Each structure stands twice: as structure tokens, then as C-alpha cells.
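Undergrad:
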Amino acid sequence: MMSMEIDCKELSVREINRMLKEAVKDGEKKIVLKNPGAKHYIGAGLVGDVEIIVKGSVGFFAGTMFHGPRMVVERNAGWFAGDNMTDGYIEIKGNAGDGVGQGIYGGVIVVRGDAGARTGEIMKNGTIIIGGKSDFMTGLFMMGGRIIVLGDLKSMAGESMVRGVIYVKGEVESLGKNAKLVEIDEKDEEFLKEILKKYDFPAFTNKFRKIVPEKKRFVYGVAPAEEG
Amino acid sequence: MCGIVGVLFKKRRDDLGSVVVEMMKNLQHRGKDGAGVAIYNSRSLDEDEFIIRLEILGDAFERIETTEKVEELVEKFAKLKATEIVREGEDFVIKDFNVKGIDFPLLKKLALRLQSMERVSVLSAGKFEIFKDVGYITHVDEAYGISKKGGTHAIGHIRFSTESGVDRYHAHPFQSFLYPDIAVVHNGQITNYWKTRANLEAKGHYFTTDNDTECIVHYVADKLLEGYSLEEALESAVNDLDGPFAFIISTPNEIGVAKDKLGLRPALVAEDSEVFAISSEEVALEPLGLKTEYLAPGEWRVFRR
């Protein structure tokens, strides 16, 4: 299948994003971005069924508010990759900065290298997989979804999380408020085996544990009876 | 928001100014209130020779009058080798006073005396040069010719002002006269500014602005004076300073970067055998083509020539 190519070198972010939008409207299925130069907001607000290959690094807010596209970044991402996305797939082959997948409602974000601080902050749903370590306050204020970290988790993991789960294979430096580290069950094992295979990560081992919220409404004390 | 950059070459480069300006152009979106660069070893000076860069305000007559007073004062401390107008406008002049036959402690006294003069602000005093002004980096570069400067290392700042005035004097980098040729560029806020300032002032250190960034450079200079290494001074700064920050400190032979414990401001580093570079964003490091690495919350790094 032929793919469309955009050389970003002399283009502004607005021009790049307009071209992407037009291409998707015209039914383009695969777009290659050359010389992205770590520019910010690549693909912001893009809706549709399209594959985007980025031949380099992206800046802040890459793929923010995505609904549907699949984007593969061949180098690094700045802060807030995939911010607020509702559906789609973002893969970062290098490292990512802070706030990967903050506030996502859906979709999958894969970081092959390390992630910065506050990965998955206030995420509501969706899945984030970090191949390396994830820094300080991973899953801060997490409200749902899954974070899988194959490396270590730095301090205050799961700080003030109220829903969702963080699976971790490496060491956990320390837990945040309302977060507890527990063993995984059969259902978790099944889920991990499948998703690791699907996204081409090393196979499941029994080193995995998970971090879940201690209470679902810890700030207000008593949880309503119907909570689930 | 602010953008910060730092670059240190192992060997002197004639194109250092243009390298740092290009890096800063890529961070222009982080602020539009000012831009500034501190550049080291851009000029060849004797051991007892220094450059004092002053901003003198007023109409043409007032400027001549003030310049005469400045020269009079300078000559009480040192030999005035030469003067040079760096930039001149309707109501200001930026002028270099090349002084000889003086050491750093005396230069510090002279700088503080000049600072206390009416219509006079010291923009930098030492062997290095600070260029700073309001506006975009392209405008500041056009006005001061930063990209024509060579040197060994430099730090740069793109300003998005938050707590203090938008003028030339409040643009970064800031210098401390406590320690020779030390400067800082900073992205963020120091929330225990008044307490930090009070502690430093109690030790007799002199603040020239109400900008929170200034207290970082005095804080680090104070530690260096106490015999700390730059690494130790940065570790101490990360523990003692509150608020969101990423800052770069430069001295005559090193640059160091530190990031707050909550990791609320970005900073990346990149290095190879020839160069070490720091930036707020990868976009500024792209032209160097090096592998980049984010600093972790509370982390600091120091690089020496």
C-alpha cells in the first residue's frame, strides 16, 4: 500500500496538523512524517482510521485528543504524550517525558523505553505500557484503566489513586497515599499474558504484582454501599 | 513557562553564539517577554582585566552626565582601558567599561557602588558577557550580535515573566557578585523566595532585584564560597528551594542543571565527547543530533571543561 509522506522540516505545527486532517478526510490510510524535529502537538485532535509513522522525536502533547489514529514515534516523546485521547494507539520507541497518557479515556499507549514522572495521571480508562522504568507518582489521581510497568516504579507510585490498576514487574520504590501493593490473581495473569504478547514485550513472568487503591473514596471516608 | 538552554564545548568554538541562539529560537514558544545569554571566553582578557556592562537610562544629556560620573567612579578603582557602546536608544545606552588593574573582590565593590547610582544598572561584571533584553531571541540577537560570538560555554533564557517586571534588567541570566562569573537561567518559581532571601541577606548578601531567580544564583554562589563543589551546591539547592523549578548555573569552567523534587519543570541533557547540552525541550537539542535524556525529579548534573 502506498503511503503519503510529509516533510515537517519547514512546516509549522498548524500546517502539519491541517495536512494530516485533510489527508484523513481524503481517505489516506498511512502517513509518514519526516523530520518531525520534536515539534509539539503532532496529530492533535485527529479523528479517523489512519496509521502515522513519525521518523524522529515528537515534542509535548503528541497525539493529544486522538480518537482512532495509530501513531508510531521512532524516537522520543516530550511531556504529555497521548494526553486526553479517547481511542487509538500511540507507540514511542524511545523514552517519553512526564505525564504520558494523562487523562486518557481510552486507547493504548506503549513506551518502549523509560517514562518520566506522573505517568497516567488522572487517567479514566485505556491502557499504558511502559517497557522501562516509570518515574515519580505514576498513576497520580488515577480514576480507571491499566498501567503496566515492566521496569521499576519510582517513589509515590499510585499517589491518591481511586480506581484502576498499576501492574509492575520491577521494584517499587515507595507507594503513594491510598495505594497498596498486592499479588496478582489468575485473571490478571491471563490479561498480562495476552497484552504483553500482543504488543511484543517479553513474555509474562510471575514477578508481576499490582498496585490498587486502598479505598475508593478515601478523601471522604465512607464509601457508598453500591460502589463497585 | 520560560525556556532554558545551556551548552558547553570541550574546546573553544567560534560559532558558540550561533549554536546557542539556534537552540533558543526553537524554544521561542515558551515565552515572549525577553531573552538573554551569558557567554564565556568570548573575549581574551588579561588576568587583571574585566568588562563591566551597564545600562544607563535618561535623555542624551542625562546619559552623558551619568557616564562621566561612572567613569569618575571607575577610575577610583581601576584603570579605564576602553569604553564601547553596545546598544543605544532614545532613553538608554548599554555601555561596556573595560577595566584593568583590579581584582575580583574590588570589582565586586565597584559593581555594587555602580548599582547604587541613579539611572545606572549593572547588567554584568566579570570576564564573561551577559546579553539580555526584552523581546524575541531574534531581536535580541540582531541588537547585540550574540550569534557572532565565539566561546567555550553559554547559557540562555527565553522569558515568560510571572512575578517581576518585564524589562531588560529583569531578564535572565542573573549574576551574583559573590563569586566570579556565575550566572543562572531559570524556569519556574521559587516559592520560599522571601525566606531564602532573608537568610542570604542576613549573611550580608546584596539583592539587586525582586526577581526570585536572583536568589538562586546568590544561594549557589554562597555555597561555592563556603567551599561546596557545584554538585554539592546543587544538591543543597534541590533540598532547600521550594516550588517548581529547573535552572542552569554557569561558572567560568562548568555548567550545572537542577530540577525540583516534584519534577514540575522539564529539563533534558545530551552529551558526547565534545559537547554537553541542556534544554527545556528536545526540540532545542535536535540540531545537535545527540541522544537526549530527561532529568528525574530532584536530579542535578554538572559538566566541566
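Just so you know, the sequences run in chain order W and Z. Here the working numbering is used: the first residue of the first sequence is 1, the next is one more, and so on. Here the working numbering is used: the first residue of the second sequence is 1001, the next is one more, and so on. Idealized CB from N, CA, C, for every residue including glycine. If you're wondering where the values come from, they're calculated on a predicted model, not measured in any experiment.
Thinking C-beta only, is W/S160 closer than 8 angstroms to W/F141?
TA: Contact: yes.
Undergrad: Name the chain Z residues that come within less than 7 angstroms of W/K39, Cβ to Cβ?
TA: The answer, in chain order, is V1283.
Undergrad: Given a threshold of 16 other Cβ atoms within 10 Å of its Cβ, counted over all protein chains shown, does Z/E1281 qualify as buried or as exposed?
TA: Looking at its Cβ environment, which holds 16 or more other Cβ atoms inside 10 Å, Z/E1281 is buried.
Undergrad: Can you name, in chain order, every residue of its own chain whose Cβ lies under 6 angstroms from the Cβ of W/G59, other than the five neighbours on each side?
TA: Cβ within range, chain order: A38, K39, H40 and G78.
Undergrad: With a Cβ-Cβ cutoff of 8 angstroms, do Z/D1260 and Z/P1297 count as a contact?
TA: Going by C-beta atoms, Z/D1260 is nearer than 8 angstroms to Z/P1297.
Undergrad: Under a CB-based cut-off of 8 angstroms, is W/G230 close to chain Z?
TA: Look at the range of chain W in this structure, 1 to 228, and you will see that residue 230 of chain W is not part of it.
Undergrad: Please classify W/E121 as buried or exposed, where buried requires at least 16 other C-beta atoms within 10 Å of its C-beta.
TA: Buried is the call here.
Undergrad: Output yes if chain W places a C-beta closer than 8 angstroms to the C-beta of Z/G1243; else output no.
TA: No, its Cβ sits nowhere closer than 8 angstroms to a Cβ of chain W.
Undergrad: Between W/A117 and chain Z, is the shortest Cβ-Cβ distance under 8 angstroms, so that the two count as touching?
TA: So, interface residue.
Undergrad: Whole beta strand (DSSP E) runs in the segment 1090 to 1136 of chain Z with 3 or more residues, listed along the chain?
TA: For the segment 1090 to 1136 of chain Z, whole beta strand (DSSP E) runs of length 3 or above, ordered along the chain, are 1092 to 1100, 1120 to 1126 and 1129 to 1133.
Undergrad: Using three-state DSSP, classify W/M19 as helix, strand or coil.
TA: Reduced to three states, the DSSP call for W/M19 is helix.
Undergrad: For a contact meaning CB atoms closer than 8 angstroms, what does W/D98 contact in chain Z?
TA: Going along chain Z in sequence order, the residues near W/D98 (Cβ under 8 angstroms) are G1263, P1266 and Y1294.
Undergrad: Might you give, ordered along the chain, the residues of its own chain that have their beta carbon closer than 6 angstroms to the beta carbon of W/S12, omitting 5 neighbours on each side?
TA: Answer for W/S12: no residue qualifies.
Undergrad: Would you please verify whether the beta carbon of Z/E1022 is less than 8 angstroms from any beta carbon of chain W?
TA: So no, Z/E1022 is outside the interface.
Undergrad: Provide the residue span of the alpha helix (DSSP H) that contains Z/M1024, from first to last.
TA: L1016 to K1025 is the extent of the alpha helix (DSSP H) around Z/M1024.
Undergrad: Taking a cut of 7 angstroms between CB atoms, which residues from the segment 39 to 59 of chain W lie near chain Z?
TA: Residues passing the 7 angstroms Cβ filter: K39, S57 and G59.
Undergrad: Does the beta carbon of W/G132 come closer than 8 angstroms to any beta carbon on chain Z?
TA: Cβ-Cβ to chain Z under 8 angstroms: no for W/G132.
Undergrad: Which partner residues does Z/Y1294 have in the DSSP bridge list?
TA: According to DSSP, Z/Y1294 bridges with Z/L1268.
Undergrad: What do you get for W/I16, buried or exposed, if any count of 16 or more other CB atoms within 10 angstroms of its CB means buried?
TA: Result: buried.
Undergrad: Span of the alpha helix (DSSP H) holding Z/R1197?
TA: Its alpha helix (DSSP H) spans residues Y1193 to A1202.
Undergrad: Quick one, which of Z/Q1115, Z/I1158, Z/R1119 and Z/R1013 has its alpha-carbon nearest Z/A1125's?
TA: Of the listed residues, the one whose Cα sits closest to Z/A1125 is Z/Q1115.
Undergrad: Does the separation of the CB atoms of Z/V1257 and Z/V1269 fall below 8 angstroms?
TA: Their beta carbons are under 8 angstroms apart, which means Z/V1257 touches Z/V1269 by this criterion.
Undergrad: Using a beta-carbon distance below 8 angstroms, is Z/P1105 in contact with chain W?
TA: So, not an interface residue.
Undergrad: Quick check: the Cα distance between Z/A1202 and Z/F1092, rounded to an integer number of angstroms?
TA: Whole-angstrom Cα-Cα distance: 34 angstroms.
Undergrad: Can the beta-carbon of Z/I1064 be found closer than 8 angstroms to that of Z/V1099?
TA: Their beta carbons are not under 8 angstroms apart, which means Z/I1064 does not touch Z/V1099 by this criterion.
Undergrad: W/Y220: buried (16+ other C-beta within 10 angstroms of its C-beta) or exposed?
TA: Looking at its Cβ environment, which holds fewer than 16 other Cβ atoms inside 10 Å, W/Y220 is exposed.
Undergrad: One question on the structure: do W/K34 and W/K21 come within less than 8 angstroms of each other, judged by their Cβ atoms?
TA: The answer is no: Cβ separation not under 8 angstroms.
Undergrad: Name the residue from W/A115, W/G158, W/E173 and W/Y167 whose alpha carbon lies nearest to the alpha carbon of W/K215.
TA: Measuring from the Cα of W/K215, the nearest candidate turns out to be W/G158.
Undergrad: Would Z/I1146 pass as a contact of Z/V1021 if the rule is Cβ separation under 8 angstroms?
TA: Yes, they are a contact pair.
Undergrad: Could you list which residues in chain Z have their beta carbon closer than 8 angstroms to that of W/G170, in chain order?
TA: In chain order: nothing, as chain Z lies at least about 15 angstroms away.
Undergrad: What are the start and end residues of each continuous alpha helix (DSSP H) run of 4 or more residues lying completely inside the segment 1197 to 1254 of chain Z, in chain order?
TA: Segments of the alpha helix (DSSP H) lying fully in the segment 1197 to 1254 of chain Z: 1212 to 1225 and 1230 to 1240.
Undergrad: If contacts are defined as beta-carbon pairs under 8 angstroms, then Z/F1174 and Z/E1214 qualify, I think. What distance do you get, rounded to the angstrom?
TA: 5 angstroms between Cβ atoms; contact.
Undergrad: Given a limit of 9 angstroms on CB to CB distance, which residues of the segment 136 to 167 of chain W reach chain Z?
TA: So the close ones are F136, M137, K154 and S155.
Undergrad: Just checking: is the beta-carbon of W/N230 within a distance shorter than 8 angstroms of some beta-carbon in chain Z?
TA: Since the first residue shown for chain W is 1 and the last is 228, residue 230 of chain W is missing from the structure and cannot be characterised.
Undergrad: For Z/D1033, which three-state DSSP category applies?
TA: It is coil, neither helix nor strand.
Undergrad: Helix, strand or coil: how does DSSP classify W/F191 here?
TA: W/F191: helix per DSSP, three-state reduction.
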